[in-house]
Amino acid sequence: MKLKPSSFSGSCVSFLLQVMTSSSENWTVTIPVRHLVATVGGHTELSCQLSPPQSAERMEVRWFRGDNSKLVHLYRDGHEVNGEAAPEYVNCTEFVNEAIRQGKVTLKLHNISVSDDGSYQCSFKGSGINDVASMNLSIAALGLETQIHVQAPGTEGLTVDYNSGGWFPKPQMECRDGRGEIVPHLSKSYSQNGARLFHMKMTLVLRNQSWGNMTCYIRNPLTGEEKRTKIILADDLFCPDHIWMTFSVLLLFVMLFLAIVLLCCQCFTNGDNCCNQCGVTKRISLKVMCKSHGVFRQSCTTFVNECQS
């Protein structure tokens, strides 16, 4: 039985469509690493490829953020398409196509910042292929130099402030004594700057010299990297008795001086009680005053005699 031309051509088209469909369903986009970690100020590589390998020279390859709201880079029909990427990625990406004939491409991100943290997608489109793969990029920052401020001993003890900034994500901090035991902190606070980097402050109150020698650790929870700072505090800081003794002696001298001044002022301003309080010095002063007053000489002499009696 012979097939009609229309039936034969229809069968061929149907067969070809099935082959193309089954072939396109076998092509997938794969990525070598699904979770990447990059440091602030550094660079990273977002790689993806076709499996099984096939040339992607005439395909459309794009990278975009996971929510599909920002285009990171676009390659189409053998060349890069500029002007369509989000402004923050302009001049910050580099397309590597050395292995594009094997279906492998790489996008380098330069000058990494905290805002680059998140998920990314890589898609291939063309030649019956339309697939996408996702990857996650985590950003880490190790932090800047640590500052330690020690305040003078107070009623509660010696206060030590521990400050460190430039971390991402939020760092972990603790201090341990020479025996490895955790030193309890009074307070711990975090803040973020415009670049979303974390600044951390921890305050310790040390009440005795058993906490004198400590090692403080601040750690990035993402990479496990940490910075250590050893603090050695002199025993004198925890024994301020000499300070209070010096203050007490000084206070005693001040009070004694004020008492003498008040006594002398009272002696010179009060009348007949001056003789008993001021002794010879006051009597001499009264005699000199009597000789210089003329008309009041008699009464003044009488007053002096009373003082001398």
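Taking our numbering, I'd label the letters of the sequence shown as residues 94 to 402.
For glycine and all other residues, C-beta sits at the position ideal for the given N, C-alpha and C.
From a predicted model like this one, the values you see are computed outputs, not experimental measurements.
Residues near N398 by beta carbon distance below 6 Å, same chain, minus five either side: Reliability of the predicted coordinates at N398 is poor, the pLDDT of 49 falling under 50, and no value is obtained from them.
Residues sharing a beta bridge with H172, DSSP: Here H172 is bridged, per DSSP, to R169.
Under the three-state DSSP convention, the category N313 falls into: Here N313 sits in coil by DSSP.
Which of helix, strand or coil DSSP assigns to A131: Three-state DSSP puts A131 in a strand.
Residues sharing a beta bridge with S282, DSSP: S282 is bridged to K294.
Under 7 Å between C-beta atoms of K201 and H136: Their beta carbons are under 7 Å apart, which means K201 touches H136 by this criterion.
Residue burial classification, D170 (beta-carbon count within 10 angstroms, cutoff 16): Residue environment for D170: exposed (fewer than 16 other C-beta atoms within 10 angstroms of its C-beta).
Bridge partners - Y255, DSSP secondary structure assignment: As a beta-bridge residue in DSSP terms, Y255 pairs with I241 and M295.
Short Cβ contact (7 Å threshold) for T403 with V198: Here the chain has residues from 94 to 402 only, and residue 403 is not among them.
Burial state of R269 (16 or more Cβ within 10 Å): Exposed: under 16 other Cβ atoms inside 10 Å.
6 Å CB neighbourhood of T322 in its chain, flanking five on each side removed: Close CB contacts of T322 within its chain, under the 6 Å cut and outside five residues either way in sequence, are with T239 and C309 (chain order).
Identified DSSP bridge partners for A233: The bridge partners DSSP lists for A233 are T132.
7 Å Cβ shell around I205 - same chain, five flanking residues per side excluded: Here the set comprises A131, T132, V133, G134, G135, H136, T137 and I232.
Proximal residues to G258 (C-beta, below 8 Å), its chain only, five neighbours per side dropped: Here the set comprises G236, L237, N286, L290, F291, H292 and M293.
Three-way DSSP call (helix, strand, coil) for S208 in this model: The answer is helix: DSSP assigns S208 an H, G or I state.
In DSSP terms, what C141 is bridged to: Looking at the DSSP assignment, C141 forms a beta bridge with V198.
P262 to P277 span [Cα, whole Å]: Their Cα atoms are separated by approximately 23 Å.
Nearest residue (CA-CA) to L315, options L279, W260 and L349: Here the closest residue by C-alpha is W260.
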